[in-house]
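K.L.:
Dropping a structure here in structure tokens format, bear with me for questions.
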Amino acid sequence: MRALLLAFLLFLPGRALARGEQRRMTLLLVPPETFSEWESLSAAFAAYPQLKLTLALTPAMIRPHAAAILAPLVQAGRLEIAMRIPGDPILPLIEKHPMAPRPQDIPDRIALCREEFKAALNFPVAGLVPGGGGAAADMIPMLRALGISWIAVGPYEPPVLASEARSVKSSLESSTEPARSAFLPFAALRAESRIPGPGELDAWLKPGDKIRLVADEAGGLVPPGSCLSLLRGLSEKRPSWTWETVFKSSSAALSSEVQDWPGWGAGSWNGRPAQEAAWKAYGEAAAAVKRYQNSGTADLKALENAANALYAAQSSRYYRLLGLSGSEAKEADRELRQRLISVYRRLKQPAPGELYASWLGSEAAAATENSSEESPTDVRISRGAAWISFQNPAGSLSRPLPGESKASDAWKILDFQVEWDISSVTFLLRMASLDNSTSAAHGQLGRLVQDVYVDINHVPGAGSSSLLDGRSAFAANRDCWEFALSLGPAGAALWRASSGSDPAWLADIPIDADPASKSIRARVPRSLLRGNPARWGYIVAAFAALPAASSQDAQPQVLPGGPLGILAPLEQQRGLGPGQRLAAVRGEP
39 MRALLLAFLL FLPGRALARG EQRRMTLLLV PPETFSEWES LSAAFAAYPQ LKLTLALTPA
99 MIRPHAAAIL APLVQAGRLE IAMRIPGDPI LPLIEKHPMA PRPQDIPDRI ALCREEFKAA
159 LNFPVAGLVP GGGGAAADMI PMLRALGISW IAVGPYEPPV LASEARSVKS SLESSTEPAR
219 SAFLPFAALR AESRIPGPGE LDAWLKPGDK IRLVADEAGG LVPPGSCLSL LRGLSEKRPS
279 WTWETVFKSS SAALSSEVQD WPGWGAGSWN GRPAQEAAWK AYGEAAAAVK RYQNSGTADL
339 KALENAANAL YAAQSSRYYR LLGLSGSEAK EADRELRQRL ISVYRRLKQP APGELYASWL
399 GSEAAAATEN SSEESPTDVR ISRGAAWISF QNPAGSLSRP LPGESKASDA WKILDFQVEW
459 DISSVTFLLR MASLDNSTSA AHGQLGRLVQ DVYVDINHVP GAGSSSLLDG RSAFAANRDC
519 WEFALSLGPA GAALWRASSG SDPAWLADIP IDADPASKSI RARVPRSLLR GNPARWGYIV
579 AAFAALPAAS SQDAQPQVLP GGPLGILAPL EQQRGLGPGQ RLAAVRGEP
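The following block contains the structure:
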């Protein structure tokens, strides 16, 4: 603990030494885009009446349920909402990428965010928290024009690709546009195992100290769950600090210096070969979009779709995780390459062959247990004119039931296929075992409850991240679902995500289960599911019905503890359990 606190102190800038009766604290929390613990946030404010803080969110995080909790706190002056661009892109690199600078992306994305915030909360936001606290001095006039009054930063060096350092540095130094103050420096909390608690901070702060702290969980400077842990600690300890939101504390502290969080600099996103290769591949995709835009024959819809795909590839999360080892790096490698391939597909151009090979090289093999060319760990995708199939990798896993030591093949998914025509969409699942002999009351599937969550529009945050009742898992923000097909003891039911409330039942769907082939088939009328299934995303997860579940329950109650089997790469299957973030499989990125 002493070493942890020392590491934290080393990265704090000089503290204001004006003495007074109380410590003054401005706290900025940057939770991950999957954050959903709004009740815990509300409970912390209720338990600690003096608490005031600033919360940095993307527009998609403010669903109706969250808005109902946040709005009263904002109106009471206890909470300030700051803006984040989805994906927390590194703004200086987007603005001045040596291969394909895209400065217009920044005002375009911020303007869109402002409109989405106003629609969600009915009031504008004043502050911007860029990815990693990264900005550039020449952005200030543009940000001011967009109504941004403060930008959270820390010490900063312009991020550049090593091979292009000279040209980018020169372009930054040659800027003569005057910069008005708008940057607000923060001290970044850093911890590898756990964030310092309120008691430790209170013991360190002296009376009269005034400090601005940022806990950037989304950027990886503090461990997962740190924002919620700090909130709970504050509500329990209730330290006698004087609290201020960032906007209230910023007027006398604005600076024109360009900075980022300590510990999140150039080495965080291009310090390893895989990261630099990824930035180069992004630059090539951005250059392809620019060439298409200037070709004189560009289709505006295709150009818009390609730009949106490029926005998704700007997420700083990918480049940060590529600097790590293990499954997180491999997942980021795969997802980012799919994003960039999608840019070319939307331009109707062939993607470079390099995008079909991992940037991790030997690191990828070291990160994956028992991997080989003959035994791939990814989901295998096949397709035809009116069907698409997803095959789980060899060695796929399932989890034992509570109280049992051995996993059953009844929860192990072998493959999943979708077929369609003008009249219906058919879902076909094949399990490692299909045993309905345990109880006649459980119908064709025994105790198996098989859910299929369908992401039709592929818009991050549009849809529901919460699964059906009692599932103890959630969908990744980029894979929020609009429709869910749940197959259980009573047959199947189709559900539609409903904004701010429980899912809405649409129809009962008959199923056909064949124990001999271990397959389950459900056919949904086209009047209920429209669109192109080849472009949809699918989360497929197996659960167990409670022993007392009636075969007449449309949405059977399941055993707590999360999914027992999923359709996913082996790296994700190894994380089976409660609270798991489930990612969709899809034929197109």
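Numbered by this note's numbering, the letters in the sequence shown go through residues 39 to 627 in order.
Even for Gly, the Cβ is constructed at its ideal location relative to N, Cα and C.
Note that the structure is a prediction, hence the values are computed from the model and not measured.
(1) On the CB-based measure, 16 or more other CB atoms within 10 Å of its CB, does L108 come out buried or exposed?
(2) Might you give, ordered along the chain, the residues of its own chain that have their beta carbon closer than 6 Å to the beta carbon of R310, omitting 5 neighbours on each side?
(3) My guess is that R561 and S434 are in contact by the Cβ rule of under 8 Å, so how many angstroms apart are they, rounded?
(4) Taking DSSP's pairing of strands, which residues face P223 in a bridge?
(5) Pick out the complete alpha helix (DSSP H) segments inside the region 131-189, 4 residues or longer, and give them in chain order.
(6) Residues bridged to L65 by DSSP?
(7) Please identify the residue among R140, I547, A582, K444 whose C-alpha is closest to the C-alpha of Y320.
(8) Using only CA atoms, which one of K318, P69, E457 lies nearest to M121?
(9) What does the alpha-carbon distance come out to for the pair R421 and A579?
(10) So, with DSSP's three-state summary, where would you put Q488?
(11) Are the region 509-520 and the region 606-622 touching, with three or more C-beta to C-beta distances below 8 Å?
(12) Assign T335 to one of two classes, buried (16 or more other C-beta atoms within 10 Å of its C-beta) or exposed (fewer than that).
(13) Can you give me the start and stop residues for the beta strand (DSSP E) that W281 sits inside?
(14) List the whole-angstrom C-beta distance separating D416 from W397, where the pair is believed to meet the contact cut-off of C-beta under 8 Å.
(15) With distances taken from CA atoms, which of K134, L544, F73 is nearest S536?
(16) According to DSSP, is Y576 helix, strand or coil?
(17) What number of angstroms, rounded off, separates the C-alpha of Q376 from the C-alpha of Y576?
(18) What runs of the alpha helix (DSSP H), each 4 residues or longer, lie entirely inside the region 68-130?
(19) Could you check which residue in L268, Q595, I249, P223 has the C-alpha nearest to that of I233?
(20) Buried or exposed for L79, please, with buried defined as at least 16 other CB atoms from any protein chain shown within 10 angstroms of its CB.
(21) Among M63, Y491, N495, which one has its Cα closest to the Cα of A530?
(22) DSSP state of A350, grouped into three classes?
(23) DSSP on D493, reduced to helix/strand/coil?
(24) Would a C-beta distance cut-off of 7 Å place I494 and E520 closer than the cut-off?
(25) Helix, strand or coil for W317 per DSSP?
P.N.:
Concretely, from the data shown:
(1) Position 70 of the sequence shown, counted from the start, is the residue given in the question as residue 108. That one is buried.
(2) Taking the sequence shown and counting its residues from 1, one reaches residue 310 at position 272. Answer for R310: G361, listed in chain order.
(3) Position 523 of the sequence shown, counted from the first residue, corresponds to residue 561. Position 396 of the sequence shown, counted from the first residue, corresponds to residue 434. R561 to S434, Cβ: 26 Å. No contact.
(4) As a working mapping, residue 223 is identified with position 185 in the sequence shown. Beta-bridge pairing links P223 to V191.
(5) 143-159, 178-183
(6) Indexing the sequence shown from 1 puts residue 65 at position 27. Bridge partners of L65: L251.
(7) Looking up residue 320 in the sequence shown gives position 282. Checked all of R140, I547, A582, K444; the closest Cα to Y320 is R140.
(8) Here the question's residue 121 lines up with position 83 in the sequence shown. Of the listed residues, the one whose Cα sits closest to M121 is P69.
(9) The residue labelled residue 421 in the question sits at position 383 within the sequence shown. The residue labelled residue 579 in the question sits at position 541 within the sequence shown. Taking the straight line from one Cα to the other gives about 21 Å.
(10) Taking the sequence shown and counting its residues from 1, one reaches residue 488 at position 450. If DSSP states are grouped into helix, strand and coil, Q488 belongs with the strands.
(11) yes
(12) On the sequence shown, position 297 is the one that residue 335 refers to. With fewer than 16 neighbouring CB atoms inside 10 Å of its own CB, T335 falls in the exposed class.
(13) Position 243 of the sequence shown, counting from 1, holds the residue named residue 281. Segment 279-282, the beta strand (DSSP E) holding W281.
(14) Along the sequence shown, read from residue 1 onward, the residue named residue 416 stands at position 378. Along the sequence shown, read from residue 1 onward, the residue named residue 397 stands at position 359. Between W397 and D416 the Cβ distance is about 15 Å, and since that is not below 8 Å, they are no contact.
(15) The residue you call residue 536 lines up with position 498 of the sequence shown. Checked all of K134, L544, F73; the closest Cα to S536 is L544.
(16) Numbered from 1 along the sequence shown, position 538 holds the residue referred to as residue 576. In this structure, Y576 counts as strand in the three-state DSSP scheme.
(17) Your numbering for residue 376 matches position 338 in the sequence shown. Your numbering for residue 576 matches position 538 in the sequence shown. When rounded, the distance between both Cα atoms is 16 Å.
(18) 76-85, 102-113
(19) Here residue 233 refers to the residue found at position 195 of the sequence shown. Of L268, Q595, I249, P223, the residue nearest in Cα terms is L268.
(20) In the sequence shown, the residue the question calls residue 79 occupies position 41. It counts as buried.
(21) Position 492 of the sequence shown, counted from the start, is the residue given in the question as residue 530. Minimum Cα distance to A530 is reached at Y491.
(22) Position 312 of the sequence shown, counted from the start, is the residue given in the question as residue 350. A350 sits in a helix when the DSSP states are folded into three classes.
(23) The residue you call residue 493 lines up with position 455 of the sequence shown. Looking at D493 - three-state DSSP - the assignment turns out to be strand.
(24) Residue numbering aside, residue 494 sits at position 456 when the sequence shown is read from its first letter. Residue numbering aside, residue 520 sits at position 482 when the sequence shown is read from its first letter. Yes, Cβ-Cβ distance for I494 and E520 is below 7 Å.
(25) Here residue 317 refers to the residue found at position 279 of the sequence shown. W317 falls in the helix class under three-state DSSP.
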